[in-house]
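Numbering of the sequence shown is given in my numbering, commencing with residue 314 and proceeding in unit increments. Backbone N, C-alpha and C define an ideal beta-carbon position, used for all residues, glycine too. Worksheet for the structure shown next.
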Amino acid sequence: MSLLSPHLQQALGRSRLLPLRAKANTGVGERPSRAKGSGIEFADHRAYQLGDDIRHLDPHIHARLGLLAVREYVLSQQLEVTLILDASASMSFGMPSKFSCARELAAGLALSTLAGGDNLSLGVLRGSALEWHPRVSGLSRAPEVFSWLEALEAKRPANLAAALERALPRLHGEGVTIVISDWLSDPAEVVMAALRRYAPTRQEFLALQVLALEEEDPTALGRGELKLLDSESGEEIEISLRDSTFARYQEFLQQHREDLRSQISSLGGRFLGVSSGVASEQLLLGTLRAQGVIA
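Shown next as structure tokens:
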């Protein structure tokens, strides 16, 4: 069974990612880049240099000013997109699970990347390691990406901060890095220390936090004495669910999200929280479009 419905695939097949500031910087594609060369969109003039193609000389500048000037054009290239999916054990929580939602979001964003003519590097977080699908481009590669995602399962503990650092050597210069996770495996300050290492790479960061309904509103678990099992460490704790417990939890969750949003924004990135209980079509065609992530 495909992760995305035919209708959703058709809609996303006409979409593309909308970076805030990242520029295309590789290959030949459809996005304006910082590079100058043979293209359609005029960029600027520069003085003629020995070896320049004389066909690029501007006769009007020469006629008016007697100067030899070369017309330069914006070079259309491909954007480098790195997408990291958290497949740790905690992502299996919820009904539907966080991982089901995260995997569908990954499939949709991958499809938008390929439909926009960009390059996609797709990795899955397992423990502190990342397993990678071969780098792909072109809409025809979408089915193999879907098949790879469909075969994934959420299991094993995770170390998101370590995985983010391990991803750095694979980045292809300026581009967009998307991380889909519950962002709960490490303290916010530990994750941000890893993210600060991305600043010199000129990566634009997009963090999607996927939480289950019970994590956003724990009153769905009921009240009274309860035993909770940590899906990653196996540790079991007893907790008493009261109004005061819910209030403290909501305060912690709100502060955790604000810390992540504030610090990721300080790096020029974006943070967006979503619920696993919301249909993927609504998230991709509604929420992400409204937030300017895809067009």
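Assigned with DSSP and collapsed to three states, G429 falls in coil, not helix or strand.
The region 507 to 517 and the region 561 to 570 do not touch, with fewer than three beta-carbon pairs separated by less than 8 Å. When beta bridges are read from the DSSP output, R602 appears opposite no residue. Restricting attention to A475, A464, A474 and G586, the CA atom closest to the CA of A520 is found in G586.
Comparing alpha carbon positions, the residue from L473, E549, W445 and E463 closest to L484 is W445. DSSP, read as helix, strand or coil, puts F406 in coil.
Runs of alpha helix (DSSP H) with 4 or more residues, each lying fully within the region 426 to 503, are found at 455 to 463 and 473 to 480, listed in chain order.
In the DSSP assignment, A520 falls outside any alpha helix (DSSP H) and within the unbroken beta strand (DSSP E) covering Q516 to L524. Closest in alpha carbon position to D431, among V591, D371, E551 and A337, is A337.
Going by C-alpha positions, A415 is about 11 Å away from S401.
Separation of I552 and T558 (C-alpha to C-alpha, rounded to the nearest whole angstrom) is 9 Å. Under the three-state reduction of DSSP, R570 is assigned to helix. With contacts defined as CB atoms closer than 8 Å, S498 and S575 fail to qualify as a contacting pair. C-alpha of S578 to C-alpha of A464: approximately 33 Å in a straight line. Taken atom to atom, the span from the alpha-carbon of L524 to that of S588 is near 5 Å. Per the C-alpha coordinates, the member of I367, E538 and L321 positioned closest to L598 is L321. Checking the DSSP bridge columns, you'll see A360 partnered with A382.
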